[in-house]
Each structure stands twice: as C-alpha cells, then as structure tokens.
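Chemist: Let me give you the structure first, and then I'll get to my questions.
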Amino acid sequence: MKKPLDSLITNDIYPLVGVKLTTTNSILLDFTAKNEDLATLDISSTPLFDDYVFGQLNAANKRFGIGGYLEPRAIYHRSEVFGKDEEKKRSIHLGVDIWAKAGQPIYAPLAGRVHSFRNNEGYGNYGPTIILEHQCEDLLLFSLYGHLTKIDLEGLEVGQAIHAGQEFAHIGPFPENGDWPPHLHFQLILDLENHWGDYPGVCAPNDLDFYRNNCPDPELLLDMQEGIQ
1 MKKPLDSLIT NDIYPLVGVK LTTTNSILLD FTAKNEDLAT LDISSTPLFD
51 DYVFGQLNAA NKRFGIGGYL EPRAIYHRSE VFGKDEEKKR SIHLGVDIWA
101 KAGQPIYAPL AGRVHSFRNN EGYGNYGPTI ILEHQCEDLL LFSLYGHLTK
151 IDLEGLEVGQ AIHAGQEFAH IGPFPENGDW PPHLHFQLIL DLENHWGDYP
201 GVCAPNDLDF YRNNCPDPEL LLDMQEGIQ
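full-length UniProt numbering puts the first residue of the sequence shown at 1, with every later residue one more than the last.
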C-alpha cells in the first residue's frame, strides 16, 4: 500500500542551500543536555551563542551545522516564547536547522506557491518566515522556512509561484531573525491547522505524538549524505 509521503521520493529535489549537505561541508551540532558545553554557555546572549556556533563550524572547517529533527533540546529556556509552565514548556525540535552565515541563499526544494508569510517578531521567535505549499500527486504538503531576512518578505505575494531550485529567501542576521545565531529552521507540515505565516517549530514532550505525525522528517527533502557527525 502506498504511503502518503511516497510521492516525495519520485520528485526531483533541489538542494535547499544550493549544494548537497555532505560530510565534507557539514557537521552535526548537538543542543541536547548531553552537550556539556551548554552548562557553562550563556545562550541568553546571542553574540556569545553565535560565537559558540560558528566557533564549532570554524574548528571543524565546515560551512554548515545541522540540528536534528525531534531533538530534545536544552536551549529553549532562553526565551519565554517556548512557555513558562514547567509541564507545558516546549523542547522537542520539529524541524531541521541549518546553521550558516547570514545571507546564505535558500532555494525551493520543490515547485510550489507561497501559502503565507509573516515577520514573527520577538526574542527567540522565528523572525521573518515563509510557508510554501506543494502539491505532490495526491499529497498536499507545506514547508516552513524560519529566521530569514526582512527583505525576503518585501514584494512577496500569497499564491506566488515558486519553481524548484528558485532562490527565494536568505538566512537572516540577528536580531531581525528572532535574535538567534544565523540559521534556517526548515520544517514540513501536513495540516497547518489554520496557521498563517507561522506554525509551532518546537513542541512539549506531551504533544509529541501529534506533532510527529503532522510534521514529517524534513530529511525527506534534504537529501543529506549519511555519516555527517
């Protein structure tokens, strides 16, 4: 029996950052509690957090840092965006992050159209965000791109066609990107639940079953080389 996401396998997928993510140009960045560096790092200071992220990339001589799907992260206490109530605090990452220098172009992995866009302002939020809508055979799929530049939203129109491989956005600098070290938050969504230009990118552990089903693994459209560490 054909699964809902099988149609993605038959599509030509364009590299999200223009090149394939490989062991040569990428490393994994661990932001779980297992990373002992986080115990002494002041991640509330974006410049210090930025120095840490790009210090890791420079030390490994890599261009991109990859943050994992469904990673239980220990960095979201830096902002009340992720909740104040201990039981409802959101910590499970629902997308894949690509940490890279501000200005890095972002390309559409599949043909689609602009569903919505918005500047989600506030410390720790998405900042400029674009959601694309893709029709892949019988599958309606949405892809979300967060932490972009404000310029990316200028002149954008709902319903605007975006072709596969089109440069349509860029990784934004802090603080306009939600005040994070520069990176792209890339997420797939099946049901947007009436959200517009925004959708939760992190969930509470108690809500994981729902979001895991509604937000498929973005690596389906990343075509990453195995073995990136």
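For every residue, glycine included, the Cβ atom is placed at its ideal position computed from N, Cα and C.
How would you call Lys150, buried or exposed, if buried means at least 16 neighbouring beta carbons within 10 angstroms?
Modeler: Answer is exposed; the Cβ neighbour count stays below 16.
Chemist: Does the beta-carbon distance from Thr46 to Phe186 come in below 7 Å?
Modeler: No, they are not a contact pair.
Chemist: For the UniProt domain "M23ase beta-sheet core" (92 to 189), which segments carrying the beta strand (DSSP E) assignment without a break, of at least 3 residues, lie completely within its bounds, in sequence order?
Modeler: Those beta strand (DSSP E) runs which fall completely within the UniProt domain "M23ase beta-sheet core" (92 to 189) and span 3+ residues are 96 to 99, 105 to 107, 112 to 120, 127 to 136, 139 to 146, 167 to 170, 183 to 189.
Chemist: Rounded to a whole number of angstroms, what is the C-alpha to C-alpha distance between Ile162 and Arg113?
Modeler: Rounded to the nearest angstrom, the two C-alpha atoms are 5 Å apart.
Chemist: In chain order, what residues of the same chain have a beta carbon less than 6 Å from the beta carbon of Phe49, not counting five sequence neighbours either side?
Modeler: Once the five neighbours on either side are set aside, the close Cβ partners of Phe49 are Ile43, Pro181.
Chemist: Taking the alpha helix (DSSP H) that Phe49 belongs to, which residues open and close that run?
Modeler: Per DSSP, Phe49 belongs to the alpha helix (DSSP H) from 46 to 60.
Chemist: Taking three-plus beta-carbon pairs below 8 Å as touching, is the segment 135 to 147 in contact with the segment 64 to 75?
Modeler: These segments do not touch.
Chemist: Tell whether a beta-carbon distance below 7 Å holds between Ser116 and Lys62.
Modeler: It is not a contact, given that the beta carbons lie outside the stated cut-off.
Chemist: I need the straight-line Cα distance from Gly143 to Lys89, nearest angstrom please.
Modeler: At residue 143 the sequence reads Ser, which differs from the Gly that was named. Roughly 24 Å between the two C-alpha positions.
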